[in-house]
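**Q** End of the sequence shown sits at 268 in UniProt numbering; the numbers just go up one at a time, nothing left out.
Glycine included, each C-beta is placed from N, C-alpha and C at the ideal position.
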Amino acid sequence: MSTSTASVLTDGKVLVTGGTTNGISLKSTELYDPITGTWSIVGNMNKERIRHAAVMLLNGKVLVTGGSGERDSERTAELFDPLTGNWTFTGDMHFERVSHTASTLLNGKVLVTGGAFGDDRATTELYDPVTGNWTKSGNMIYRQEWDTASVLGNGTVLVTGGPGVNIAELYNVAMGNWTQTGRTNTSRWFHTASVLLNGKVLVAGGSYGVYNRSTELYDPSTGHWTNSGNMKHGRKDHTASVLTNGKVLVTGGYYNDTYVNDAELYVS
1 MSTSTASVLT
11 DGKVLVTGGT
21 TNGISLKSTE
31 LYDPITGTWS
41 IVGNMNKERI
51 RHAAVMLLNG
61 KVLVTGGSGE
71 RDSERTAELF
81 DPLTGNWTFT
91 GDMHFERVSH
101 TASTLLNGKV
111 LVTGGAFGDD
121 RATTELYDPV
131 TGNWTKSGNM
141 IYRQEWDTAS
151 VLGNGTVLVT
161 GGPGVNIAEL
171 YNVAMGNWTQ
181 TGRTNTSRWF
191 HTASVLLNGK
201 VLVAGGSYGV
211 YNRSTELYDP
221 STGHWTNSGN
231 MKHGRKDHTA
241 SVLTNGKVLV
251 TGGYYNDTYV
261 NDAELYVS
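1. Note the first and the last residue of the continuous beta strand (DSSP E) segment covering residue 268.
2. Tell me whether residue 11 sits in a helix, a strand or coil according to DSSP, three-state version.
3. Measuring straight from C-alpha to C-alpha, what distance separates residue 112 and residue 38?
4. In whole angstroms, give me the CA-to-CA distance for residue 1 and residue 226.
5. Which of the three DSSP states, helix, strand or coil, is assigned to residue 240?
6. With burial defined as no fewer than 16 other Cβ atoms inside 10 Å of the residue's Cβ, what is the status of residue 253: buried or exposed?
7. How about the region 171-186 and the region 223-242: do they share at least three Cβ pairs that are nearer than 8 angstroms?
8. Determine contact between the region 87-106 and the region 63-70, defined as no fewer than three beta-carbon pairs at a distance below 8 angstroms.
9. CB-CB under 6 angstroms to residue 116, same chain, minus the five flanking residues each way: which ones, in chain order?
10. Which residue or residues does DSSP assign as beta-bridge partners of residue 178?
11. Between which two residues does the beta strand (DSSP E) containing residue 40 stretch?
12. Please give the ranges of any beta strand (DSSP E) in the region 25-96, keeping only runs that are unbroken, at least 3 residues long and fully inside the region.
13. List the DSSP bridge partners of residue 224.
14. Under 8 angstroms by Cβ, that's how I've got residue 45 and residue 17 pegged, so tell me the actual separation to the nearest angstrom.
Printed below as a string of structure tokens:
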């Protein structure tokens, strides 16, 4: 997970929120226009946030949840409206969360998982954009943070990795519960997970003891993982974007605690 977030809006612009500069947590947000290649400043969030989560809702707004600020961690959530460039608070989560996941489900609600503290790291909750309220959902099998969450084609959510584990589990939206699926071949955290055009999920990089350059594919039809090609070098805290041609662009991150400023493509 990065200390900031980046969300692609419906008009193609990219909203970047929070993060740190010289150790100071930020509430600032900026928009990147890929057509002009320029950045513009938009309204500040109401809270400084690092290691928060951001997800675009079906109505085009962006929901930002949790993270930590100047003093402590957050259970607050707020909404960005692209039409006004402003932020407004929405309902608070039930738990403070840092390095958690947030996923927009096919029904429009948002599932937030893990990232809380102690035994609460297994908790999950659902945000309803219509009411602005949160409801608790079923606990995960394992306590999680620095993991990834992917919405599969059938609507279930695949959560992978976390500190020192190679587990993966599936969230059933209709039942609100979790079941274990096939384990990844390598323990990972700070990795990426990308849903490919063929429905499989590509997990790349991350670290646990070493900076991982390996990648692997999850097949939802079998629940199994297979190793895929290695990246040029290990990465953690990187980004991965599925392009319209089906390739995956992997950029940045860290290798041996040094920032990596290159990019590479995965071809399925």
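**A** In short, the structure shows the following:
1. Run containing residue 268: none; DSSP gives neither H nor E here.
2. coil
3. 32 angstroms
4. With a pLDDT of 41 at residue 1, under the threshold of 50, the modelled position of that residue is not reliable, and no figure is offered here.
5. strand
6. buried
7. yes
8. yes
9. Within the same chain, residue 116 has close Cβ partners 95, 97, 123.
10. Partner(s): 171.
11. 38-42
12. 29-33, 38-42, 53-56, 62-65, 77-81, 86-90
13. Beta-bridge pairing links residue 224 to 219.
14. 6 angstroms
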